[in-house]
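Chains as they are written, first to last, in the numbering used here: chain A, 1 to 345; chain B, 346 to 690. In this text, a Cβ means the ideal position worked out from N, Cα and C, and glycines have one as well. Everything on this sheet refers to the single structure shown next.
Have a look at this one:
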């Protein structure tokens, strides 16, 4: 057994959803795109549905199909990328609700699936997905006549509460939707933390469910344990790993553990301070992260356990993200497919 | 259809193996760990077996099991991480050959699987996997009495032909193995390019097969096409994407394409010059790579095709690696699981 073990705490995930839900007076959905941020959209959604979540969001129709198969009929599944060419059959057969992003998508939807539920994604300034204000003004009467189930938009800078873009997007979204008797949604995790002005009728947290910033009170959801394949003692002057990137200054004991960048532990991790934990003792990662292996300085340990822990309550996805110069979202969605996965809860 | 399309050219992969094979007078195996560098170990190995490859290397016994199921009986499958606790049954049942890395592993192997084929991994200086010279000196007679099928080691700096570490590891490996009548292997792709002194009886290329450096003559093996979800025109001063990271200086047309860091296109890509291709025309990526989406400046195009190409013969995994500050290996092994995959050849 030289594959690492990823433990996913669905109880913690449910608690995160409940705590986010308690912050609002509106419906709380859940974003489970990218296969539930890498943790298995089906399992994540089933746990949240049991806790009361009724609506889920995915990126593409294909993800919606997989989720519907896991969830069965009942819960709503919405597709951010809308109604693309080739999606029609999937949307119909698997009862998926596209968030229409453009006039093209709207025409396609009304022509091919008249009466099939849809939402409209509006662009309030991020310029990534959704209808522009002028485009929306031109078609809104037609669109509203078809009975959309949701009008939504997405914030570009919600992770930074002080950013003036937040209030600007809120203003644009309200200008586009005020007075319309259709449920509205603007906030993902970051937007929920901006306060009730941003909540409207439905909030749709993603990263906060999975233990990531900007939801500072989130419980960590993942633990990652890496089996020790081999121990060796090195003398001062001996190098470890590719490119001789680390050289022992004093006699040291090195553990080689099984996981590497092919498992989503980016090479860039070595730029920062990352530790492998033996209980509460922390051991520095040394040398380069390679494809399947990482080397750890375990000199300080009296006894080296059979595995060392890379993600736990002390060192979270946010710590790894900081070390690698990225965000927790990317650490999560990169967690690899070789891990033996265990679900708790 | 808003999932991107990854096309894997198995003919090019086979050509790369043949060209590497032609550089030596010894056997050429193939490294297919990390699920064939992310491209499907079973398909890759089957294509190479048809072309004449007889031995394959994986990182862990679990990978060997999956590969044996795909390949069927016959070809050799070797496991770099050796014989770990819990591996015994898998090694036996699926005819896997562990590369024993330590005295512990050796004892485990001889006790639990006497007579079962094994190799020995020796540490010639990388200090990551393999037996140290002193350890090997102590047990080599016992080990040789059990009939290993291979003695191997791995180079730490082979990507840099001028690095003195190469000659030093070669010397140590020879000191540990000269005069022993067992097949030897030192070189992966980089080592093969260092010349015949490094070839011994078996070379085991990995990244070169898949189109990556340091094998400069490698044919690209992957093409990645990203469907355009939406087009929009932005005015000077308008920002695009998260954090308002890109602001239009002149009127621009922006395409939002479906793929992001959850598909292995790292956020760090935006640090460098990366383009999305429309035929031969190249369009700059603008704004931040987000989880499922990338925004592209397509202002220069007369007509925007239904999809834009991120990996092709012009822009390879090495270009993306350079932009993201990593190596082609990491770009390859990160290629995501949402892509619709097509195999050619």
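Less than 7 Å between C-beta atoms, sequence neighbours within five positions excluded: which residues of the same chain meet that for residue i?
i, result
"residue 439 of chain B", "409, 410 and 413"
"residue 212 of chain A", "218, 317, 318, 328, 329 and 332"
"residue 267 of chain A", "261, 288 and 289"
"residue 513 of chain B", "470"
"residue 477 of chain B", "468"
"residue 165 of chain A", "125, 156 and 157"
"residue 230 of chain A", "256"
"residue 603 of chain B", "347, 348, 349, 571, 572, 574, 637 and 638"
Here's a check: name, in chain order, each residue in its chain whose Cβ is nearer than 6 Å to the Cβ of residue i, leaving out the five neighbours to either side.
i, result
"residue 293 of chain A", "256 and 260"
"residue 41 of chain A", "32, 35 and 67"
"residue 357 of chain B", "564 and 566"
"residue 598 of chain B", "578, 643 and 644"
"residue 681 of chain B", "608 and 609"
"residue 619 of chain B", "630 and 668"
"residue 295 of chain B", "Residue numbering for chain B in the displayed model covers 346 to 690; residue 295 of chain B lies beyond these limits and cannot be assessed."
In chain order, what residues of the same chain lie with their CB nearer than 8 Å to the CB of residue i, ignoring the 5 residues before and after it?
i, result
"residue 30 of chain A", "17, 44, 45, 48, 53, 55, 56, 57, 204, 205, 206 and 209"
"residue 365 of chain B", "373, 534, 537, 548, 550, 553, 554 and 560"
"residue 71 of chain A", "42, 45, 46, 49, 56 and 77"
Which word fits residue i, buried or exposed, when buried means at least 16 other C-beta atoms lie within 10 angstroms of its C-beta?
i, result
"residue 171 of chain A", "exposed"
"residue 499 of chain B", "buried"
"residue 493 of chain B", "buried"
"residue 482 of chain B", "exposed"
"residue 407 of chain B", "buried"
"residue 161 of chain A", "exposed"
"residue 22 of chain A", "exposed"
Of all Cβ atoms in chain B, is any one closer than 9 Å to the Cβ of residue i?
i, result
"residue 138 of chain A", "no"
"residue 132 of chain A", "yes"
"residue 422 of chain A", "With chain A covering 1 to 345 only, the question about residue 422 of chain A has no answer from this structure."
"residue 227 of chain A", "yes"
"residue 172 of chain A", "no"
"residue 315 of chain A", "no"
"residue 16 of chain A", "no"
"residue 163 of chain A", "yes"
"residue 242 of chain A", "yes"
"residue 160 of chain A", "yes"
"residue 328 of chain A", "no"
"residue 342 of chain A", "no"
"residue 3 of chain A", "yes"
"residue 102 of chain A", "yes"
Between the C-alpha atoms of residue i and residue j, what's the straight-line distance to the nearest angstrom?
i, j, result
"residue 369 of chain B", "residue 90 of chain A", "51 Å"
"residue 151 of chain A", "residue 107 of chain A", "17 Å"
"residue 92 of chain A", "residue 113 of chain A", "8 Å"
"residue 666 of chain B", "residue 614 of chain B", "8 Å"
"residue 8 of chain A", "residue 129 of chain A", "31 Å"
"residue 685 of chain B", "residue 455 of chain B", "45 Å"
"residue 544 of chain B", "residue 504 of chain B", "15 Å"
"residue 250 of chain A", "residue 277 of chain A", "21 Å"
"residue 315 of chain A", "residue 10 of chain A", "19 Å"
"residue 421 of chain B", "residue 687 of chain B", "27 Å"
"residue 296 of chain A", "residue 405 of chain B", "19 Å"
"residue 361 of chain A", "residue 226 of chain A", "Because residue 361 of chain A is not part of the residues shown, which for chain A are 1 to 345, the question remains open."
"residue 224 of chain A", "residue 272 of chain A", "18 Å"
"residue 144 of chain A", "residue 182 of chain A", "9 Å"
"residue 14 of chain A", "residue 345 of chain A", "9 Å"
"residue 521 of chain B", "residue 286 of chain A", "26 Å"
"residue 96 of chain A", "residue 347 of chain B", "14 Å"
"residue 447 of chain B", "residue 424 of chain B", "14 Å"
"residue 585 of chain B", "residue 323 of chain A", "26 Å"
"residue 348 of chain A", "residue 625 of chain B", "Examination of residue 348 of chain A is not possible in this model, given that chain A is present from 1 through 345 alone."
"residue 351 of chain B", "residue 432 of chain B", "34 Å"
Beta-carbon of residue i versus every beta-carbon of chain A: anything under 9 Å?
i, result
"residue 611 of chain B", "yes"
"residue 521 of chain B", "no"
"residue 556 of chain B", "no"
"residue 548 of chain B", "no"
"residue 370 of chain B", "no"
"residue 651 of chain B", "yes"
"residue 383 of chain B", "yes"
"residue 472 of chain B", "yes"
"residue 606 of chain B", "yes"
Please indicate yes or no: does the CB of residue i lie closer than 8 Å to some heavy atom of the ligand SAH?
i, result
"residue 396 of chain B", "With respect to small molecules bound, the structure shown includes none, and the ligand SAH cannot be examined in it."
If you pair each beta-carbon of the stretch 459 to 476 of chain B with each one of the stretch 422 to 433 of chain B, do three or more pairs fall below 8 Å? Touching, yes, given that three or more Cβ pairs across the two stretches are closer than 8 Å.
Just checking, does the stretch 303 to 314 of chain A make contact with the stretch 186 to 193 of chain A on the three C-beta pairs under 8 Å criterion? no
Under 8 Å, with one C-beta from each stretch per pair, do the stretch 122 to 141 of chain A and the stretch 579 to 593 of chain B reach the 3-pair mark? yes
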